[in-house]
Structure formats: structure tokens, C-alpha cells
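J.: Protein chains in written order, with this note's numbering: chain W, 24 to 342; chain H, 24 to 342; chain X, 24 to 342. Where is the CB? At the ideal position from N, CA and C, for every residue including glycine. Here it is, the structure in full.
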Amino acid sequence: MISKNPQLGKNRELQHLLTTEGLPTSILLQILDTAQTFVGVTEREVKKVPLLRGKSIFNLFFEHSTRTRTTFEIAAKRLSADVFNLNIAVSAQSKGETLLDTVDNLVAMDADMFIVRHSQSGAAHLIAKHVRPGIHVINAGDGRHAHPTQALLDVFTIRHYKKEFHNLRIAIIGDILHSRVARSQIHALTTLGVPEVRVIAPKTLLPSKVERLGVRVFHDMKSGLKDVDVLMMLRLQKERMQGAYLPSSEEYFKYYGLTPEKLSMAKQDAIVMHPGPMNRGVEIDSAVADGSRAVILPQVTFGIAVRMAVMSILAGQPV
Amino acid sequence: MISKNPQLGKNRELQHLLTTEGLPTSILLQILDTAQTFVGVTEREVKKVPLLRGKSIFNLFFEHSTRTRTTFEIAAKRLSADVFNLNIAVSAQSKGETLLDTVDNLVAMDADMFIVRHSQSGAAHLIAKHVRPGIHVINAGDGRHAHPTQALLDVFTIRHYKKEFHNLRIAIIGDILHSRVARSQIHALTTLGVPEVRVIAPKTLLPSKVERLGVRVFHDMKSGLKDVDVLMMLRLQKERMQGAYLPSSEEYFKYYGLTPEKLSMAKQDAIVMHPGPMNRGVEIDSAVADGSRAVILPQVTFGIAVRMAVMSILAGQPV
Amino acid sequence: MISKNPQLGKNRELQHLLTTEGLPTSILLQILDTAQTFVGVTEREVKKVPLLRGKSIFNLFFEHSTRTRTTFEIAAKRLSADVFNLNIAVSAQSKGETLLDTVDNLVAMDADMFIVRHSQSGAAHLIAKHVRPGIHVINAGDGRHAHPTQALLDVFTIRHYKKEFHNLRIAIIGDILHSRVARSQIHALTTLGVPEVRVIAPKTLLPSKVERLGVRVFHDMKSGLKDVDVLMMLRLQKERMQGAYLPSSEEYFKYYGLTPEKLSMAKQDAIVMHPGPMNRGVEIDSAVADGSRAVILPQVTFGIAVRMAVMSILAGQPV
Chain W
24 MISKNPQLGK NRELQHLLTT EGLPTSILLQ ILDTAQTFVG VTEREVKKVP LLRGKSIFNL
84 FFEHSTRTRT TFEIAAKRLS ADVFNLNIAV SAQSKGETLL DTVDNLVAMD ADMFIVRHSQ
144 SGAAHLIAKH VRPGIHVINA GDGRHAHPTQ ALLDVFTIRH YKKEFHNLRI AIIGDILHSR
204 VARSQIHALT TLGVPEVRVI APKTLLPSKV ERLGVRVFHD MKSGLKDVDV LMMLRLQKER
264 MQGAYLPSSE EYFKYYGLTP EKLSMAKQDA IVMHPGPMNR GVEIDSAVAD GSRAVILPQV
324 TFGIAVRMAV MSILAGQPV
Chain H
24 MISKNPQLGK NRELQHLLTT EGLPTSILLQ ILDTAQTFVG VTEREVKKVP LLRGKSIFNL
84 FFEHSTRTRT TFEIAAKRLS ADVFNLNIAV SAQSKGETLL DTVDNLVAMD ADMFIVRHSQ
144 SGAAHLIAKH VRPGIHVINA GDGRHAHPTQ ALLDVFTIRH YKKEFHNLRI AIIGDILHSR
204 VARSQIHALT TLGVPEVRVI APKTLLPSKV ERLGVRVFHD MKSGLKDVDV LMMLRLQKER
264 MQGAYLPSSE EYFKYYGLTP EKLSMAKQDA IVMHPGPMNR GVEIDSAVAD GSRAVILPQV
324 TFGIAVRMAV MSILAGQPV
Chain X
24 MISKNPQLGK NRELQHLLTT EGLPTSILLQ ILDTAQTFVG VTEREVKKVP LLRGKSIFNL
84 FFEHSTRTRT TFEIAAKRLS ADVFNLNIAV SAQSKGETLL DTVDNLVAMD ADMFIVRHSQ
144 SGAAHLIAKH VRPGIHVINA GDGRHAHPTQ ALLDVFTIRH YKKEFHNLRI AIIGDILHSR
204 VARSQIHALT TLGVPEVRVI APKTLLPSKV ERLGVRVFHD MKSGLKDVDV LMMLRLQKER
264 MQGAYLPSSE EYFKYYGLTP EKLSMAKQDA IVMHPGPMNR GVEIDSAVAD GSRAVILPQV
324 TFGIAVRMAV MSILAGQPV
């Protein structure tokens, strides 16, 4: 479905950020290390650096998401870029213009970077392959395919709390089947050398042959959480809570919702992550979400630094 | 309904602006005097001051209002802040996230200030009590409860034209029952020492026991407007114009609509105010709205300076 | 319908840009020459000049158009202005406020410039006549009347590729009847001395007595395109594609859609223009749209420079 990945340039430098699949360890570490330098910026009195001054960054959101759009807008403004928000669902697309015509027009207006969210897998790839050198694309979520900045902020958070990747046992819990977040996480974690990545989910919410991604599969929390260092919860989409995939959200919570009891099966110093927005009482209990092991809000904070890092690395590439 | 007001800090300095109720005279005067210094800024060639450079201000509008949002956005940009507009009605809330989870996420993105409009009384209070020190909340209208910046720009306008508060007779006219603006005005005016605040309205549009707020009640314009220095008109919401509250908008205009004839019952130098947007021909006649006694557009101008004042006072508080 | 044009001041300097009709050649050339100086800005590392720093520019869009709004927003931000986007369709207008009350309020907030798009012809004129000196209005499209910045970027593009106007044969092709773009183009081209402007359209898509605008009328492409230097395609609105005006979009494409075959009837070095968004396969074939004679994307690029030029000329006028 998705053709050859254009995200790496001739010298294997990052030209677009489309997926964590196939991203070299060196680039993953470059992003994490650059993000580390930006963590301090947001604590300054004046939370801005002039790295992207005069650059035009377009939030091209074909799928609605105030939260994700806002994180990119904040990151871009802290880098002093000019940001333009285009909610394309209600615009030119409805006038019959094609996706690439829309992009061509924005490129003609001297766009420097596109942040793309689209309900179809491969949309950001398509744009990245189409634009001329010097213009960069960041995938902010495409269909069920990838959401690489979410995965990068997750691994940043894990490194922050656990220091190393090579000695960790990490479990991803929930709707793996429909989750672009889970796919991006798995690729990033395995590349960074995490020796054991587990997925815990009912069979109806697992892709077939998921083991091929290099994960261990569990269907119950008790065995799946044993000796785990990091728990990465997934959001359960409302539309999955009834019908074909699950009997009900109450049933799901009973078996897979993270309660203090289930959490106690993991290591004592395990951390709990969630990409947000949370469904309290569905995939996570409030006692855990607000508890001492949750690092869900630090994830958000680090997310700004990670997005600043990706933008500044891309903008700094020679054409 | 609304618990202890967190808007004052330990030393009774302003930490949030939630309501004019209980706001000390000294703080009201601090805001008015600071606003006075900003009136000049908007007349400069470059209408900006760098006081809030690098600060992130979030317009959190759970209730739609382009006009009010724009005034805060203008004020924030003239203070050189970065402004983020979040129309929450259509966003994470619809994904089932709670109000405080949304706020926690934005705080984690290093928000410095929230401008909150919500259809439920107490929403801004709830947020103010929740956030950590150093983050400030401005109530931009909550249910029927309060709209303090509107009341502050009103008293700024009155002081501009009448110089003193202690010798004034002021009438608030219209739908007192449903008006957060009226409640905030009454608290501000009585605190500032206005000796006589009147309300003029049909019985169906008055709260029970409104006298307890320290106002004199009138049901007809002729007696209510006699010897009045300031007329503060209220907007009549469309949904009140028929049914239980009023027979029709024509009937309302006949008895309570401000015409030149009714205005002539007030003092010769009385001023006419309106918070906008006006329903011409319902609560106010165009001959008055566009006449020499109206100070409705100066209210708007002063509103920017007042909002700049509140923001800069809040941002300047030691944590 | 539209009363005396307020766009020229006492000394015939540009005070508002409302229409290309009656705009003196000297002002047309002033805009084109100023735009030329801005073409370079967008190629700089930092694509910004401080000409409008501290100015408040309001995009007042009563009719939805992300593309046009974005071009003005980009132009304004590259001039360092503060830009405020107001989608009025969903705002105060729905609360019953009149157009001029909305404008008065924004003027009271110290607006410096309005970019106005409205479905009614004459809306921008009405605002321009209403505001006080020193406040400027740019018409971004009003009903079927005018879209002057589109026409200006078109003549800029023509001058860029053809150097002179006095030796050109130019054809405007498509739905002339409903097109504010076509009307503005015709006025600009005839003022600049183009000796022959043709319109090519079926009778149902031509205004009656269109010849009075100084154009030659053709109903078929073969004769209309003969020896033409410039082809200006118009967008065919979806609602015209069926019913009273046209039998179907396929039928329209057969007779008026620009294919390589039809293009070969024009001069060998003819250029093809389109205001966008394109309906590929309706008014234009992809082989032409993406071909070597198309200058459709350069039009977009020049459009930013032209809008920067208009804004900076207006803002620079003495009050």
C-alpha cells in the first residue's frame, strides 16, 4: 500500500518524518538528543528560540484533532515559525481539488513544512514523494499506519525515566489492531534495542500475525504484565466499544482496564503511559491515571520538545 | 454552587480573575489604572509592547463567541504573547475527555494563562482551583454567573466619562435574570462606591430577592430613569423574546426599549452603554445607539486596554 | 447597485482596493512594480519584512474560502502584521448584529485593515464608505462583482511572461456570467492597453451585452483561440454543471475543456492560466494543467507578492 519510503535522503539524513519503521537508530537518537536540548526552553522566562524565524509551517489536517494540531502549533511558535492552520476537510477538497493540487498550491505560496494528518494510510508519504527538495513533511497520523511523533515522545519519556532501553520489558495494552500509535511504538522500541516488547489484547483487537513485528502476544493482563518495566496503554476508540470487536466497555474494563490491582502485577517501579485523550473507566482507572506511577502528563510536555526537535532537524537539512 | 474563590493569593493579590464579587477596591483600581496606561498603546504606530513575549495564552472557549475571543486575542497579541485558540466544543470533549484532563494536558504543554468561556457557572473557578501556582485563569463568561472583564471595561468607561463613582445614579436595564454581565456590573459598581444602582426590568426578567445585591428595583422606565447619570443596557437573548418571559420583542421594545423619548427622562448628560452585540429595535433604538450620548464603541476600545491590564497584572505576579 | 467608488482618495491615491474597474493605469503599475520588489522576499532565508509590524489586519470572511484567506494571511504575516481570522458566517451575524455594527466594533478594537469576502456584491464598498480615514479595505471577492487581487496577480503573471501588454491577444474562457474574476480581469486588461480581449463561452454563460465591456465574443474554441497569446481559464462552479446552464460537465468538457488539441490552436508560446481550484476533466485537461505552457502555480506565488504590495501601499498612505 505504501511505496518506498522517501523519508531518508541520499546520505541517509532525515528529510521527512513519516514512520518509525526503518528509521535508523542514529536518527532516533539524534531526535531524542535534540529534544533534550529543547526541554529547557519551555522552562525559560521567554519560551522561544529563533531557529525557524520566517519559515512557513502548514498544519494540513484532513482529520480533525485539536490536541495534536495544538502541540505542533506550540512547537512551531516556540521555534518562531509562522504557523498556518488549514482544516482541509471543509475547504478546497470539497470543491473537488485533489490532494496534490492543494499541496502544489501551498508550495507555490512558499510553504517550508507540512504537518499532515489524514484518515488514509500513506497520505503523508504521497505528499513527501511529491514535493521538491527543501520542503519537509511530518506525518501527524495517517489512517492505521503510523504516528511517529507520538512514538518518539514515548521513547523519549521511557529514556527519561529508565535511562536505558536494552534491559527493559515493555507491554503495549489495548486495541493494537486499529492503532497507528502501537505500530509506530513497536518499530521504535525494537530499533532502540528493547529486548522484549509485549502486546496484550483480546484476539479481536490484534492484527493477524502480529508476532512478525517482533512482539510477544498475551491475551490476559496477569501473565502479560508480569515483570514489566513500562506499560503503554492505548486509547479505546468509542466505535470499538460495542458490536463486532467488544461486548461492551464495562466488559473491556473488567479484563483489560488498568486498575491498581492489575498494575501491581508489573514491577514495583513500572511506569504507566497513555497517548491521550484518556477514557477513564474504560482502558484506565482514575486511581492509576492520577497515581504516582503515571507519567502521562510528562509525555505531553516531552511531546513539545520532541516536535521542536523534529522540526528543527528537518529545517536544518541542506537542500 | 461555586466554592471559595481562589482569585486572591495569600497577600490578597490577584491570581485569577473570576468574578467582580468580593474583589477589593484596591484591585479594581489597580486594574483601571493599569488599563489607563494601555489606552495609549493602541494609538501608537506600532501597537505592541513586549510584556508577555514568549508566554502561551490559551483561549479555551467551550461556548462559541468570536467577538469576545477576538478581544482577548488582540489584547494578548498587543502584549506580544503567543495565542492559541481552542474551540473545545468540537474537540477532545467530544472524545470523552474531562474538562480537567484537557486543562492538565495544556498545562503540560506549558500554558501560562487560560481565558475560559463556558456555559456552566463555575467552570473557570474549577480550573483556577486545579492549576498550579504561576498559571492564571481569566473568566470570559461562565453560565449566568459572571463576566468580570465586561464589568471592568464598563466601570473604566464610566470613570472615563464621569470621573468619580461616589456621586452617580446608575441604571441597569433589561434581562437581569439571565445576565452574567449584570451581576458582575452590580458587584463592581457597589464596591467602587456608586451610591445608587438601579435595575429596571419586567418582573419575569428579575431574579427573586435581587434587592439583596444592593440595588433599587424599578419596573417602568419613566420612574427608573429619572435623574440617572449612566444607563447600562443589556442584550436581550433571542430565546427570551417569546414564550414564558416576554410576550414578544415588539412588546418589550414598547416598554423597555431605549428610545430618545425614554432617554430624555434621564439626566441631560447621561451616557448610554451596551455590552454588544446590539439588537437594534429590541432593547435599543438606532437613534440612541448612534446618538451623541452613546459610548458603546468607546467601551469596545477600552475593553482591549482593560484585558491587556488584567493579563499583564496576572503575568507579573510572583509565583 | 454599487454606488460611487470610494477606493481613490482626494489625490487619486489608492485608499481601498475594491475593484479594478476605473483603477488608473498608474495605480495598476504601482501595484505591479511594488509586487516585483516582494517576489524576492519569499526566496530569502527569513521571509519577512517589518513594514506592517504592529498593524492589526482582519480577515472578514462572510463566505468560506480557506485558500484565499490563507494567501492574505501569508502576505500579512510576511509583512509582520498581526492577523485575525473571523469567520463571520457563524458569529455575531447569527446573533442579529448588522454588518456595519460588526465593522464598527472591530474598528473600535483598532483594526487597521479589513480583507472582506462576501456573497453579496458591494459588501466591501459598503464597509469602505463607512470606515474612517486611515482604515483600509481590500475586496477579496464580493458576489459576482469583483475579485481585484486575483485580476492583479493575473496581470502580474502576464507581464512576467509576456513583458508588454500592448501587443497581446488574450482569451478568457468559461463561465463569464457568474465570474467576478472575469469582470475584474477584463477591466484590468483593457486599462493596461491589451488591444484584444476575447471571451469564449456558451451563450448561457455570457452576460447580455458583454461586448460593452470592450471584449470580442466567441462561442467556439477553434475560432476563439486562434492566434491567442494568453488563455485565462475560469473555474466552472459545480452548481452550473447541470440543469439550466449546461447539459452536463462531460458536454462542457467536450466543447470548452482545454485539451492539448484545443491549446494547439493558440500561438505556440501561449501561456495557460487558471485562478484555481481546478476541476480537472471539466474546464481543463490534466495534460494541459500539468504541461509546459501552464503558469498556474507561478500565479499562486505571484499572488502572495501582489497581496503584500496592495497591503503595503494601503498602509503607507498618509491619513
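So which of H/Ser144, H/Gln143 and H/His153 has the shortest CA-CA distance to H/Phe137?
T.: Indexing the second sequence from 1 puts residue 137 of chain H at position 114. Comparing Cα positions, the closest option is H/His153.
J.: Could you please give me the residues that DSSP links to W/Arg155 through a beta bridge?
T.: Taking the first sequence and counting its residues from 1, the one referred to as residue 155 of chain W is at position 132. DSSP output for W/Arg155 lists no bridge partner at all.
J.: Can you name the residues of chain W whose CB is closer than 9 Å to the CB of X/Pro73?
T.: Here residue 73 of chain X refers to the residue found at position 50 when the third sequence is read from its first residue. Near X/Pro73 there are no residues of chain W at all, since even the closest Cβ is about 11 Å away, more than 9 Å.
J.: Among the candidates X/Leu320, X/His170 and X/Gly280, whose CA atom is the shortest distance from the CA of X/His210?
T.: The residue labelled residue 210 of chain X in the question sits at position 187 within the third sequence. Selected option, being the one with the closest Cα: X/His170.
J.: Roughly how far, in whole angstroms, is the beta-carbon of W/Phe179 from the beta-carbon of W/Ala58, given that I think they are within contact range, below 8 Å?
T.: One-based indexing of the first sequence puts residue 179 of chain W at position 156. One-based indexing of the first sequence puts residue 58 of chain W at position 35. With a Cβ gap of about 6 Å, W/Phe179 and W/Ala58 count as contacting.
J.: In terms of alpha-carbon separation, which member of X/Asp250, X/Gly197, X/Glu234 and X/Val251 lies closest to X/Gln260?
T.: For this step, residue 260 of chain X is matched to residue 237 along the third sequence. Checking every option, the nearest Cα to that of X/Gln260 belongs to X/Gly197.
J.: Would you say W/Leu109 reaches chain X, if we count a Cβ-Cβ gap shorter than 8 Å as a contact?
T.: Looking up residue 109 of chain W in the first sequence gives position 86. It does: the Cβ of W/Leu109 has a partner Cβ on chain X nearer than 8 Å.
J.: With distances taken between CB atoms, is the gap from W/Asn353 to W/Arg90 smaller than 8 Å?
T.: Not covered by the structure: residue 353 of chain W. The range shown for chain W is 24 to 342.
J.: Tell me which residue opens and which closes the alpha helix (DSSP H) that H/Leu212 is part of.
T.: Residue 212 of chain H sits at position 189 when you count from the first residue of the second sequence. H/Leu212 -> alpha helix (DSSP H) spans Arg203 to Thr214.
J.: Is any beta-carbon of chain X found at less than 8 Å from that of W/Glu274?
T.: In the first sequence, the residue the question calls residue 274 of chain W occupies position 251. Not an interface residue.
J.: Return the Cβ separation of H/Pro298 and H/Arg258 in integer angstroms, given the expectation that the two are a contact with Cβ distance under 8 Å.
T.: Taking the first residue of the second sequence as position 1, residue 298 of chain H is located at position 275. Taking the first residue of the second sequence as position 1, residue 258 of chain H is located at position 235. About 6 Å separates the two Cβ atoms, so the contact holds.
J.: Which residues in the same chain have their Cβ closer than 7 Å to the Cβ of X/Asp124, if we skip the five residues on either side of it in sequence?
T.: Here the question's residue 124 of chain X lines up with position 101 in the third sequence. Nothing listed; no residue qualifies.
J.: Could you pull the DSSP bridge partners for H/Ile193 from this structure?
T.: Working through the second sequence from its first residue, we reach residue 193 of chain H at position 170. According to DSSP, which records beta bridges pairwise, H/Ile193 is partnered with H/Val220 and H/Val253.
J.: DSSP puts X/Leu40 in a beta bridge; with which residues?
T.: Position 17 of the third sequence, counted from the first residue, corresponds to residue 40 of chain X. According to DSSP, which records beta bridges pairwise, X/Leu40 is partnered with X/Ile161.
J.: Given a limit of 9 Å on CB to CB distance, which residues of the segment 296 to 308 of chain X reach chain W?
T.: So the list reads Gly299, Pro300, Met301, Asn302, Arg303 and Val305, given in the order they occur along the chain.
J.: How would you call X/Asn162, buried or exposed, if buried means at least 16 neighbouring beta carbons within 10 angstroms?
T.: If you number the third sequence from 1, residue 162 of chain X lands on position 139. By the 10 Å Cβ count, X/Asn162 comes out buried.
J.: Which residues of chain W have a Cβ atom closer than 8 Å to the Cβ of X/Glu68, listed in chain order?
T.: Position 45 of the third sequence holds residue 68 of chain X. Going along chain W in sequence order, the residues near X/Glu68 (Cβ under 8 Å) are Gly77.
J.: Check whether the Cβ of H/Asn190 lies closer than 8 Å to any Cβ atom in chain W.
T.: What you label residue 190 of chain H is simply residue 167 of the second sequence in a count that begins at 1. Taking Cβ atoms only, chain W never reaches closer than 8 Å to H/Asn190, which makes this a no.
J.: Quick check on W/Val323 - is its C-beta less than 8 Å from some C-beta in chain H?
T.: Along the first sequence, read from residue 1 onward, the residue named residue 323 of chain W stands at position 300. For W/Val323, the answer is yes, since a Cβ of chain H falls inside 8 Å of its Cβ.
J.: On the premise that W/Leu51 lies in contact with W/Leu215, defined as a C-beta separation below 8 Å, what is that separation, rounded to the nearest angstrom?
T.: Translated into the one-based positions of the first sequence, residue 215 of chain W becomes position 192. Translated into the one-based positions of the first sequence, residue 51 of chain W becomes position 28. Going by Cβ atoms, the distance from W/Leu215 to W/Leu51 rounds to 6 Å, so yes, they are a contact pair.
J.: Find out if the Cβ-Cβ distance for the pair W/Gly45, W/Gln38 is shorter than 8 Å.
T.: For the purposes of this step, residue 45 of chain W is taken as the residue at position 22 of the first sequence. For the purposes of this step, residue 38 of chain W is taken as the residue at position 15 of the first sequence. No, the pair does not count as a contact, with Cβ atoms beyond the cut-off.
J.: Output yes or no for whether 8 Å exceeds the beta carbon distance between W/Leu248 and W/Val295.
T.: Counted from its first residue, the first sequence places residue 248 of chain W at position 225. Counted from its first residue, the first sequence places residue 295 of chain W at position 272. For W/Leu248 and W/Val295, no; Cβs fall outside 8 Å.
J.: Which of the three DSSP states is assigned to X/Ile1 in this structure?
T.: Past the edges of chain X, shown from 24 to 342, lies residue 1 of chain X, and the structure says nothing about it.
J.: Step through the CB atoms of chain H and report whether any lies within less than 8 Å of the CB of W/Arg330.
T.: Mapped onto the first sequence, residue 330 of chain W falls at position 307. Judged by the 8 Å Cβ criterion, W/Arg330 is not in contact with chain H.
J.: Along the chain, where does the alpha helix (DSSP H) containing X/Arg140 start, and where does it finish?
T.: Position 117 of the third sequence, counting from 1, holds the residue named residue 140 of chain X. Per DSSP, X/Arg140 belongs to no alpha helix (DSSP H); it is in the beta strand (DSSP E), Met136 to His141.
J.: In its own chain, which residues sit with a C-beta less than 8 Å from the C-beta of X/Asn28, not counting the 5 before and 5 after it?
T.: Locating residue 28 of chain X in the third sequence gives position 5, counting from the first residue. Same-chain partners within the cutoff: Leu41, Thr42, Glu44, Gly45 and His148.
J.: Buried or exposed: where does H/Val69 fall if 16 or more other Cβ atoms within 10 Å of its Cβ makes it buried?
T.: Position 46 of the second sequence, counting from 1, holds the residue named residue 69 of chain H. H/Val69 should be labelled exposed.
J.: Determine, using beta-carbon pairs with one atom in the segment 305 to 315 of chain X and one in the segment 172 to 188 of chain X, whether at least three such pairs fall under 8 Å.
T.: Too few Cβ pairs lie closer than 8 Å, so no.
J.: Report the neighbours of W/Glu96 on chain H: residues whose CB is nearer than 8 Å to its CB, in chain order.
T.: Sequence index remark: in the first sequence, residue 96 of chain W carries index 73 (1-based). The answer, in chain order, is Phe107.
J.: If we call anything under 8 Å between Cβ atoms a contact, is X/Leu122 one with X/Ala338?
T.: As a position in the third sequence, residue 122 of chain X is number 99, starting the count at 1. As a position in the third sequence, residue 338 of chain X is number 315, starting the count at 1. Their beta carbons are not under 8 Å apart, which means X/Leu122 does not touch X/Ala338 by this criterion.
J.: Between the Cα of X/Leu281 and the Cα atoms of X/Asp292, X/Pro270, X/Val333 and X/Met256, which residue gives the shortest distance?
T.: Position 258 of the third sequence, counted from the start, is the residue given in the question as residue 281 of chain X. Of the listed residues, the one whose Cα sits closest to X/Leu281 is X/Met256.
J.: Rounded to the nearest angstrom, what separates H/Glu86 and W/Lys185 at their Cα positions?
T.: Residue numbering aside, residue 86 of chain H sits at position 63 when the second sequence is read from its first letter. Residue numbering aside, residue 185 of chain W sits at position 162 when the first sequence is read from its first letter. Going by the C-alpha atoms only, they are around 42 Å apart.
J.: In this structure, how does DSSP classify X/Arg235 when only helix, strand and coil are distinguished?
T.: Within the third sequence, residue 235 of chain X is the residue found at index 212, counting from 1. X/Arg235 falls in the helix class under three-state DSSP.
J.: Can you list, in chain order, the residues of its chain whose CB lies under 8 Å from that of X/Gln53, leaving out five sequence neighbours each side?
T.: Working through the third sequence from its first residue, we reach residue 53 of chain X at position 30. The answer, listed in chain order, is Leu37 and Ile336.
J.: Under DSSP, the alpha helix (DSSP H) around W/Leu123 begins and ends at which residues?
T.: Your numbering for residue 123 of chain W matches position 100 in the first sequence. From DSSP, the alpha helix (DSSP H) with W/Leu123 extends over Leu122 to Ala131.
J.: Looking only at DSSP bridge pairs, what is H/Tyr82 linked to?
T.: Here residue 82 of chain H refers to the residue found at position 59 of the second sequence. A quick correction: the sequence has Asn, not Tyr, at residue 82 of chain H. DSSP lists H/Asn108 and H/Ile138 as partners of H/Asn82.
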